[in-house]
DNA sequence: TCAATCCGTATC
DNA sequence: ATACGGATTGAC
């Protein structure tokens, strides 16, 4: 069918377009002709609509060019949705690198990178142009009394950033509240970056951390230079902020994981807080992790400084220290002694001296006593496991968790049956008897924390009980006599510091069948413990768990050694993050076909270890591929090619590839 | 000899 | 996915 004769753009009449197609074998740009009428709007980076294989698809112009090398007859560009160049060349390159690393499609990554359009926000958008910045209002940096100056190598690191360098650091921050807490570190690092004439990108796990970071920045950086990118702020705020970054108005971007794609130019620093938090892992294909995104960004272009920071240390961060990619910036012993609380292991005191109320609340006596004393001097934090981790069946009298009499497995009441059942061996228990008090009445611990808060409150008559958990998170608490019961990750900050913290349910967290159970537990402990006052001001942390290494790390306040031991163990077992892992899921033949693609890597020095396929769920099968870093990019390339071939030939139903999804292990 | 259908392949 | 082209089949 002949195209209707149409006048084309006089110069660069060809637009190269990436289309939003989910098909892996179409993951490449296609060329279109630009009609003269669209010449002005059809700029590189603009959103467009094009005809593609008989459908109307969205896409982005990545390039305008004089001619095409496609060899086929080109279609004409249908429509420029918006002339705002939302896809910058740097972000496109980032998306391509991310797609390659995770064996995904550029189209999938673009969906994560670019926020949905809100036309009203574009009304009078213009790029800022080359107006020189007025940096005269920025504070002295690094400040002699600043947060960085307190850490070994901290001032030198910041100086290096300020001088325009691109050093990499794993930073272990000892304090979680007060004037030297982590938000100050990030704010000061952003200022150093601005001083170097470059821009900074700071990523945090959630909205609460974002608020704290914004508050710290507000003291140091003019408000107009800061943009905040968070899905929680809603589509129009997110898009408006995105456009402020795109236009060059914002020079410091703060946000949650999707902010890692912010179209910030002249990047001088990328930083991520608490990189071990699993909310940094994107739950949509191709499942990239914010830490990896930022590391890629730090290596793009001129190179940017990179900070991986936390109160503890992820095994990934430890690996980067050990292989020399990052230097370790941490507090020396004297500073730790000065600012950290006393940590006491109370696991051994459980069966001594019982207070009936404390027993009902499942509190070791020593912990109960410490909390009771501390309440007179300040707020007290009780960290409990989330509902999902808690045993599902408790004694109605004394709240002792009930266990299977045959195998010690956890009991639950199945949706269909009336009698309790063991989760491990499946035994049905027509009657259950509490081993502590002999009661035969049981209760289902459905809304875990509320119950616990109530019980804990009863153990501390006179205390004001505040509970904080997912959905009802308190940001801040203060005052003596306040007892805060918080689930993992929902701990409010006490501006004056907690007088004490009780870390309960550690054994339950450690017992989870997950590669990261210990690492994750230790991370949660340090996050809570860093909110407690220094030992010299009476601050105390009571931890109840039997895992010697984990408890020891907290008692000695030594997250780095713990991470090193964990990593050493993973290395020995050839498990992540000592190697990368790709999970292949789908119908059996599709999975087998994909794993076949890795055959060339199954011999030689850096051998890929393949486990599976084994039945997974819903009739699907799963294969795990453990891939040494030396061959990881080749493995990703092979898997991506195999996926494309399978989807082109439709010989197999789709199988999913997921790299580094550690929650699966 | 032509149309209806099937299969394979490309999709600007 | 769809859409198109070339091959194949079946009916005049």
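Residue numbers (the numbering used here): 1 to 665. Ideal Cβ positions, reconstructed from N, Cα and C, are used throughout, including at glycine. Just so we're clear, the structure is a prediction, and the values are computed from it rather than from any experiment.
Simplified DSSP state of residue i, which is helix, strand or coil
| i | result |
| --- | --- |
| residue 474 | coil |
| residue 273 | strand |
| residue 521 | helix |
| residue 526 | helix |
| residue 649 | helix |
| residue 121 | helix |
| residue 421 | strand |
| residue 460 | coil |
| residue 412 | strand |
| residue 511 | helix |
| residue 346 | coil |
| residue 656 | strand |
| residue 128 | coil |
| residue 436 | coil |
| residue 138 | coil |
| residue 149 | helix |
| residue 11 | coil |
| residue 665 | coil |
Distance, residue j Cα to residue i Cα
| i | j | result |
| --- | --- | --- |
| residue 344 | residue 151 | 25 Å |
| residue 183 | residue 161 | 17 Å |
| residue 73 | residue 36 | 18 Å |
| residue 470 | residue 490 | 7 Å |
| residue 319 | residue 253 | 27 Å |
| residue 20 | residue 78 | 15 Å |
| residue 577 | residue 251 | 33 Å |
| residue 82 | residue 38 | 11 Å |
| residue 594 | residue 634 | 14 Å |
| residue 527 | residue 53 | 52 Å |
| residue 507 | residue 440 | 25 Å |
| residue 648 | residue 654 | 11 Å |
| residue 479 | residue 269 | 38 Å |
| residue 31 | residue 614 | 43 Å |
| residue 29 | residue 474 | 48 Å |
| residue 492 | residue 442 | 32 Å |
| residue 25 | residue 650 | 11 Å |
| residue 23 | residue 111 | 14 Å |
| residue 237 | residue 612 | 45 Å |
| residue 513 | residue 163 | 46 Å |
| residue 302 | residue 261 | 17 Å |
| residue 571 | residue 631 | 16 Å |
| residue 404 | residue 244 | 58 Å |
| residue 420 | residue 509 | 23 Å |
| residue 413 | residue 434 | 16 Å |
| residue 131 | residue 193 | 18 Å |
| residue 670 | residue 180 | The structure shown does not extend to residue 670, since the chain is modelled only from 1 to 665, so the question has no answer here. |
| residue 569 | residue 393 | 34 Å |
| residue 483 | residue 347 | 21 Å |
In DSSP terms, what residue i is bridged to
| i | result |
| --- | --- |
| residue 19 | 59 |
| residue 725 | Beyond the ends of the chain as shown, which are 1 and 665, falls residue 725; an answer cannot be given. |
| residue 404 | According to DSSP, which records beta bridges pairwise, residue 404 is partnered with nothing at all. |
| residue 382 | 485 and 502 |
| residue 493 | 476 |
| residue 532 | 498 |
| residue 452 | For residue 452, which the question treats as bridged, DSSP gives no partner whatsoever. |
| residue 281 | 289 |
| residue 431 | Residue 431 is not bridged to any residue. |
Any chance you could list the alpha helix (DSSP H) runs of at least 4 consecutive residues sitting entirely within the stretch 31-106, in chain order? 89-101
Any 3 or more C-beta pairs closer than 8 Å across the stretch 636-650 and the stretch 94-106: yes
Flag this pair as touching only if the stretch 556-567 and the stretch 292-304 have three or more C-beta atom pairs under 8 Å; answer yes or no. no
With a floor of 4 residues, list each alpha helix (DSSP H) that falls wholly inside the stretch 542-620, ordered by position along the chain. Those alpha helix (DSSP H) runs which fall completely within the stretch 542-620 and span 4+ residues are 548-555, 559-573 and 588-596.
Would you call the stretch 327-347 in contact with the stretch 524-544, where contact means no fewer than 3 C-beta pairs closer than 8 Å? Two segments are said to touch when three or more pairs of C-beta atoms, one from each, lie closer than 8 Å; by this definition the stretch 327-347 touches the stretch 524-544.
Inside the stretch 152-215 only - alpha helix (DSSP H) runs reaching at least 4 residues: 154-162 and 182-195
What are the uninterrupted segments assigned as alpha helix (DSSP H) that are 4 or more residues long and contained completely in the stretch 286-343, given in chain order? Secondary structure remark: continuous alpha helix (DSSP H) runs of at least 4 residues inside the stretch 286-343, in chain order: 290-299, 315-322 and 333-339.
Would you check if there are 3 or more beta carbon pairs closer than 8 Å linking the stretch 455-467 to the stretch 366-384? Taking 8 Å as the limit for Cβ pairs, the verdict is that the stretch 366-384 does touch the stretch 455-467.
Stretch-stretch touch, CB-based, cutoff 8 Å, three pairs: the stretch 271-284 with the stretch 216-228: With a cut-off of 8 Å, the stretch 216-228 and the stretch 271-284 do not count as touching, because too few Cβ pairs lie within range.
Any contact between the stretch 174-183 and the stretch 308-315? By contact I mean 3 or more CB pairs, one from each, below 8 Å. Flag = yes, the stretch 174-183 and the stretch 308-315 touch.
Runs of 4 residues minimum, wholly inside the stretch 214-271: which ones carry the alpha helix (DSSP H) assignment? 235-246
Evaluate contact between the stretch 258-275 and the stretch 82-102, counting only Cβ atoms and requiring at least three cross-stretch pairs below 8 Å. yes
Tell me, please, whether the stretch 329-338 touches the stretch 196-212 by the rule of three or more beta-carbon pairs shorter than 8 Å. no
Would the stretch 119-135 count as touching the stretch 50-64 if we require 3 or more Cβ pairs under 8 Å? no
Do the stretch 563-580 and the stretch 364-372 touch if we need at least three Cβ pairs shorter than 8 Å? no
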